[in-house]
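Report on the following structure.
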Amino acid sequence: MSDVCIVGIGIHRFGRTDGLSGLQQGVHAVRAALGDAGVDWPQIQFAYGGSDAAGNPDTMVEQLGLTGVQFINVKNGCATGGSALFSAQMAIKSGEFELGLAVGFDKHPRGAFNALPAEYNLPDWYGEAGYMITTQFFAAKIMRYMHEFGISPTSLGRVAEKAFRNAVHAPHAWRREPVDLDTIMGAPLVSDPYTKYMFCSPAEGGVALVLASERKARELGKPLIRLKAATMRTRPPGSFEVFAPSIDIARGGSATRIAAADAFRQAGIGPDEIAVAQLQDTEAGAEIMHMAENGFCADGEQEAWLAEGRTELAGRLPVNTDGGCLACGEPIGASGLRQVYENVVQLRGDGGGRQVPGSPRTAYSHVYGAPGVSAVTILER
Amino acid sequence: MRPIAPGLFTEESQPRLVGGRHRETGRIVFPCPPGDDYVPFPLARQGTLWSYTIQRYRPKSPPYAGPEAFAPWPVGYVELPGETIVEARLCEVDFAAIRIGMPLELTFVPLDPEAPEPVLVHAFRPARGAA
Chain F
351 MSDVCIVGIG
361 IHRFGRTDGL
371 SGLQQGVHAV
381 RAALGDAGVD
391 WPQIQFAYGG
401 SDAAGNPDTM
411 VEQLGLTGVQ
421 FINVKNGCAT
431 GGSALFSAQM
441 AIKSGEFELG
451 LAVGFDKHPR
461 GAFNALPAEY
471 NLPDWYGEAG
481 YMITTQFFAA
491 KIMRYMHEFG
501 ISPTSLGRVA
511 EKAFRNAVHA
521 PHAWRREPVD
531 LDTIMGAPLV
541 SDPYTKYMFC
551 SPAEGGVALV
561 LASERKAREL
571 GKPLIRLKAA
581 TMRTRPPGSF
591 EVFAPSIDIA
601 RGGSATRIAA
611 ADAFRQAGIG
621 PDEIAVAQLQ
631 DTEAGAEIMH
641 MAENGFCADG
651 EQEAWLAEGR
661 TELAGRLPVN
671 TDGGCLACGE
681 PIGASGLRQV
691 YENVVQLRGD
701 GGGRQVPGSP
711 RTAYSHVYGA
721 PGVSAVTILE
731 R
Chain R
824 MRPIAPGLFT
834 EESQPRLVGG
844 RHRETGRIVF
854 PCPPGDDYVP
864 FPLARQGTLW
874 SYTIQRYRPK
884 SPPYAGPEAF
894 APWPVGYVEL
904 PGETIVEARL
914 CEVDFAAIRI
924 GMPLELTFVP
934 LDPEAPEPVL
944 VHAFRPARGA
954 A
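Sequence lines, in order, name chains F and R. First residue of the first sequence: 351, per our numbering; consecutive thereafter. First residue of the second sequence: 824, per our numbering; consecutive thereafter.
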């Protein structure tokens, strides 16, 4: 079976771009990715496109060219981008195609996502009483985790501080001003223990990746960046998810844990062989919990990891080298693909001021979100 | 006493939350899901705090149906031993005094204290006689 290679990457800057639709940002990313790969749109044999709230991705053929290309839309909650990539690599692995595209974009209104109970199979009273709030869930989840595993509020602050510091060097990031730890810790609380710097915001942006079979990648003369694993999993029993009026006393695993275990098995390597990682950081605590859920450390060890700077650019395992969701914001359809984009940048050595030293050869990406879904990739060069 | 939704609390002098017990697995959840898989199961009134946060901004309407006036409230998950962990507001407690593991008991609070006939929502307060 052919390895799948990423031969082109393109991004539209994350954040706020007034006057440009989410779909137009996706088109921008596609053109950039095609240019990077050195191929023209008519050569693209198939596309998978993901967007949660910014329209039907396949309609971008009007701007890219009516080549009759197979173009399939993907909508899969917070795993939308990861699912588009998963599907695209399967198309090439099957042997049916040699060159294709995964694209994701979104454009969300300002402020927290406005969810209604009926969309989540919940009774109306749950929303009326003021429970339909994502930040409540995130805060309650980390509060329990901190209690169980001895994580301090300062560690939450360190994650946010690192995100903004890294993003200074990421041209596609949204918030590119450093924020010091005292400012982060002293900022108004949104939902305890999180201050306003510790949550990401809904945002806008687009990312596209051109995928090729190994044969095609060699023909294009591109450096071989192999997609060694791409997994997408849903939640097992006993996980703790957003909008839960009750949870089981018997606690269980998580979608992340099984997606991660699957990915490492597929790639045939272990967590200690990963050189750089992009982990879902909807909030500062998510990055901390996901360090353990993805297998990089044991629960509780994050306290020492962060104090020692082990997830900094020059640390043992640099995490969220472009500032992650905290600094880039979260356009749902594009977010998972941004992580892969950033990993390709790192593996090519093109990270500039945010480049991980030592010529990394392996890179890991992980998304997690509602309603208990996770997608993981492992790249190798 | 007018609950925010019918059937959410039992009708007795000390009302309880109506959860659901799965007919086959015995799994207990709150609220009781519609359909035949779960039978109504009144939940314990006493539990311990499993986790919490403070809701520090007014939720968006819709779906929030509370008053325009807003004051932060604590909200958490309360473990009812042997049953389930329910999400609930906390009341009658200083924010700074909230501790995971503290004993709590069920009570009911008006969604809008200023309303002439307010609907009631469930909440937990420190258990009487608890240290």
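For glycine and all other residues, C-beta sits at the position ideal for the given N, C-alpha and C. Only a predicted model underlies this, so the values are computations on that prediction, with no experimental measurement involved.
Tell me which same chain residues have a C-beta within less than 6 Å of the C-beta of residue i, skipping the five on either side of it?
| i | result |
| --- | --- |
| M925/R | L872 |
| S551/F | G679 |
| P826/R | F832, L943 |
| E643/F | S604, T606, R607 |
| T727/F | A580, V690, S715 |
| I908/R | W873, Y900, E902 |
| R666/F | R660 |
| G405/F | L373 |
Determine the extent of the beta strand (DSSP E) in which residue i is found, giving its start and end residues.
| i | result |
| --- | --- |
| Q420/F | 420-424 |
| C355/F | 354-365 |
| Q393/F | Element bounds for Q393/F: n/a, residue is neither H nor E. |
| I908/R | 907-913 |
| E902/R | 896-903 |
| I827/R | Run containing I827/R: none; DSSP gives neither H nor E here. |
Rounding to the nearest angstrom, what Cα-Cα distance links residue i and residue j in this structure?
| i | j | result |
| --- | --- | --- |
| D402/F | P949/R | 42 Å |
| H458/F | D612/F | 31 Å |
| D859/R | V424/F | 34 Å |
| P587/F | D598/F | 9 Å |
| T876/R | G399/F | 37 Å |
| G659/F | Q652/F | 10 Å |
| A610/F | T930/R | 42 Å |
| Q696/F | V706/F | 7 Å |
| R494/F | M639/F | 11 Å |
| F918/R | G683/F | 38 Å |
| T504/F | G536/F | 11 Å |
| I923/R | G870/R | 11 Å |
| V898/R | F590/F | 16 Å |
| G418/F | G376/F | 19 Å |
| V453/F | G703/F | 26 Å |
| G427/F | R576/F | 26 Å |
| R951/R | A720/F | 38 Å |
| P939/R | A725/F | 50 Å |
| A867/R | F549/F | 35 Å |
For a test of the three-state rule: what should DSSP assign to residue i, helix, strand or coil?
| i | result |
| --- | --- |
| F488/F | helix |
| W655/F | helix |
| V706/F | coil |
| D474/F | helix |
| A510/F | helix |
| V942/R | coil |
| H497/F | helix |
| A648/F | coil |
| F918/R | helix |
| M925/R | coil |
| V690/F | helix |
| A403/F | coil |
| M482/F | coil |
| I682/F | helix |
| V592/F | coil |
| A301/F | Nothing in the structure corresponds to residue 301/F, since chain F is present only between 351 and 731. |
| P587/F | coil |
| Q628/F | strand |
| Q837/R | coil |
| A954/R | Here A954/R scores only 45 on pLDDT, less than 50, and its place in the model should not be relied on; the value that follows carries that caveat. In the structure shown, A954/R sits in coil (DSSP, three-state: anything other than H, G, I, E or B). |
If you follow the alpha helix (DSSP H) that residue i is in, where does it begin and where does it stop?
| i | result |
| --- | --- |
| H378/F | 372-387 |
| T606/F | 605-617 |
| A443/F | The sequence shown places Lys at residue 443/F, rather than the Ala named in the question. Per DSSP, K443/F belongs to the alpha helix (DSSP H) from 430-443. |
| M641/F | 634-643 |
| E554/F | Where E554/F is concerned, there is no enclosing alpha helix (DSSP H), although the beta strand (DSSP E) it sits in stretches over 554-563. |
| D532/F | 531-536 |
| G674/F | 674-678 |
| E412/F | 411-414 |
Closer than 8 Å by C-beta to residue i: which residues in its own chain qualify, once you throw out the five before and the five after it? Chain order, please.
| i | result |
| --- | --- |
| A567/F | C355, V357, L574 |
| A954/R | Interpretation of A954/R is limited by its pLDDT of 45, a score under 50 that renders its predicted location unreliable; no figure is taken from the coordinates. |
| G620/F | F614, G645 |
| T533/F | Y547 |
If you measure from the beta carbon of residue i to each beta carbon in chain C, is any gap under 8 Å?
| i | result |
| --- | --- |
| Y861/R | Among the protein chains in the structure shown, which are F and R, there is no chain C. |
Grab me the residues of residue i's own chain with a C-beta within less than 7 Å of its C-beta, minus the 5 sequence neighbours each way, in chain order.
| i | result |
| --- | --- |
| D408/F | G399, F421, N423 |
| V540/F | T485, K546, F549 |
Is residue i near the ligand MN, in the sense that its beta carbon is under 7 Å from a heavy atom of that ligand?
| i | result |
| --- | --- |
| G905/R | The ligand content of the structure shown is nil, which means the ligand MN is not present either. |
ask   = Taking three-plus beta-carbon pairs below 8 Å as touching, is the region 506-523 of chain F in contact with the region 671-685 of chain F?
value = yes
ask   = Counting pairs of Cβ atoms below 8 Å between the region 874-890 of chain R and the region 847-859 of chain R, do you hit three or more?
value = no
message = Quick test of the definition: if touching needs 3 or more C-beta pairs under 8 Å, does the region 359-366 of chain F touch the region 435-446 of chain F?
response = no
request  = Flag this pair as touching only if the region 478-489 of chain F and the region 537-548 of chain F have three or more C-beta atom pairs under 8 Å; answer yes or no.
outcome  = As far as the Cβ criterion goes, the region 478-489 of chain F touches the region 537-548 of chain F, which means the pair count is three or higher.
request  = Spell out a yes or no on whether the region 625-638 of chain F and the region 492-510 of chain F are touching, meaning 3 or more CB-CB pairs, one atom from each, closer than 8 Å.
outcome  = Proximity of the region 625-638 of chain F to the region 492-510 of chain F meets the contact definition, three or more beta-carbon pairs being nearer than 8 Å.
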